[in-house]
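Note sheet for the following structure.
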Amino acid sequence: MAETRPQRRIRLLKRWALLLGLVVTAVSAVTGIATGGLTGIVLGVMSLLCGALGVAMTAVGLGGLWLAHRQRYLLRHGITVEAERLPDQPWTYAYTDTDGVSRSLWAKSASATLEVAYAPGDPSEVVVRRSGAQHRPGGRLRAGPVRLRPRRPGRGGGPAGRVPPGRVRRRVAGPLR
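Take the sequence shown: its position 48, counting from 1, is numbered 106 in our numbering, and each next residue is one higher.
Dropping the structure here:
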């Protein structure tokens with residue numbers, strides 16, 4: 059059985075992570091031995107932990123970068139079709155590829171149909187075409203205002219702090235307390 063492109067990509071990513079892990083371990087051991095004593099042991103362990111964390115974060119970052127690149131590529135060069143929501147399964151959509159095979163995908167959307175793009179060589183690799191607002195940074199995950207201290211009664215926000223109708227509360231910028 060031939061290896062698919064995603065399987066090959068995962069195999070190569072594992073190989074590079076293993077290689078980087080071995081390099082980090084070797085550098086940590088050399089650092090610990092060269093320094094010597096308790097300081098060398100602490101320095102070797104710390105460099106081993108920081109190096110392992112760095113390798114893991116690099117692998118996660120490269121994976122995310124690849125996914126973003128692949129999505130952009132498929133939206134520009136892939137085959138675009140409409141996927142219809144299946145009536146008995148929530149958030150499950152079905153589309154038909156060029157060979158006539160019906161395939162399904164999971165997408166959290168309230169729409170009855172979605173535009174999807176898939177790779178011509180591998181129809182199982184599919185992305186959902188989204189609106190521009192959802193591609194904008196912060197378009198899907200928008201945080202609200204953050205309060206660093208809780209509201210106090212009588213200062214607004216709580217039942218005792220309501221402003222009577224007809225009165226306007228003005229805020230004056232001043233030093234933080």
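Here a beta-carbon is modelled for each residue, glycine too, at the ideal position from N, C-alpha and C.
8 Å Cβ cutoff met for residue i and residue j
i: residue 162; j: residue 152; result: yes
i: residue 132; j: residue 177; result: yes
i: residue 185; j: residue 129; result: yes
i: residue 149; j: residue 165; result: yes
Selection from the options that minimises the alpha carbon distance to residue i
i: residue 142; options: 123, 95, 110 and 167; result: 167
i: residue 119; options: 173, 60, 75 and 155; result: 75
i: residue 124; options: 71, 178 and 144; result: 71
i: residue 180; options: 172, 188, 187 and 159; result: 159
i: residue 172; options: 182, 188 and 115; result: 188
i: residue 113; options: 149, 79, 155 and 63; result: 79
i: residue 84; options: 97, 98, 102 and 126; result: 102
i: residue 138; options: 122, 155 and 147; result: 155
i: residue 73; options: 98, 117 and 105; result: 117
Where residue i falls, given that 16 or more other Cβ within 10 Å makes a residue buried
i: residue 68; result: exposed
i: residue 175; result: buried
i: residue 94; result: exposed
i: residue 86; result: buried
i: residue 77; result: exposed
i: residue 82; result: buried
i: residue 136; result: buried
i: residue 90; result: buried
i: residue 121; result: exposed
Start and end residues, beta strand (DSSP E) containing residue i
i: residue 162; result: 160–164
i: residue 152; result: 150–154
i: residue 175; result: 171–176
Along the chain, which unbroken stretches of the alpha helix (DSSP H) at least 4 residues long are found entirely within the segment 78–144?
-> 95–135
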